[in-house]
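Everything in the sequence shown is counted per full-length UniProt numbering, starting at 1 for the first residue and increasing by one. Everything below concerns the one structure shown next.
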Amino acid sequence: MTLYRYLPNKEDLYAVVIDQALGFEAQEPTGDARADLATFARRYRETLRRHPWLAHAAARPVMGPNMLRADERDLALVDGRGLSIDDMAHVVNLIRHWVTPVSRPCPPGNEPPERS
Numbered sequence: 001m002t003l004y005r006y007l008p009n010k011e012d013l014y015a016v017v018i019d020q021a022l023g024f025e026a027q028e029p030t031g032d033a034r035a036d037l038a039t040f041a042r043r044y045r046e047t048l049r050r051h052p053w054l055a056h057a058a059a060r061p062v063m064g065p066n067m068l069r070a071d072e073r074d075l076a077l078v079d080g081r082g083l084s085i086d087d088m089a090h091v092v093n094l095i096r097h098w099v100t101p102v103s104r105p106c107p108p109g110n111e112p113p114e115r116s
């Protein structure tokens, strides 16, 4: 059996697996922006920890249905705060870009504490 019977090429395979990995449940905004964004950062980190390859692969531009839902879900956390859509996207991307490198696996014995 070969995957290329179902997907035309490697790029499409990447797109499907990235889209699937990023499709975690939506988080309802609570109205407390700080708490909502902290929860978002933790959940994104957990996703990257479950899928270590995702930190590198997510740099590829993928716009599958789960990624579109993820963008809507994440932008909703900062909506209604007087920000333009561009500024909202910058806030969400800032958190994603901050969380990504700290979520990469550490060599055994060098794991950082869960909370500092």
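For every residue, glycine included, the Cβ atom is placed at its ideal position computed from N, Cα and C.
### Task
Give every residue of the same chain whose Cβ lies closer than 7 Å to the Cβ of ALA15, excluding the five residues on either side of it in the sequence, and list them in chain order.
VAL62 and GLY64
### Task
Can you check the UniProt domain "Tetracycline repressor TetR C-terminal" (27 to 100) for any alpha helix (DSSP H) of at least 4 residues that lies completely inside it and give the ranges in chain order?
33 to 50, 54 to 57 and 65 to 76
### Message
Suppose you measure from the CA of LEU83 to the CA of LEU54; what does that come to, to the nearest Å?
### Response
29 Å
### Query
Quick one: what's got a C-beta closer than 7 Å to THR39's C-beta in the same chain, skipping five residues either side?
GLN27
#### Entry: Distance between beta carbons of ALA76 and PRO29, contact taken as under 8 Å
6 Å
### Message
Report the CB separation of ARG96 from GLY23 in whole angstroms; it is logged as a contact under 8 Å.
### Response
Going by Cβ atoms, the distance from ARG96 to GLY23 rounds to 15 Å, so no, they are not a contact pair.
#### Entry: Identity of the residue in PRO101, TYR6 and ASP19 nearest HIS56 by Cα
PRO101
### Query
DSSP on residue 118, reduced to helix/strand/coil?
Lying before the first or after the last residue shown, residue 118 is absent from the chain, which here runs from 1 to 116.
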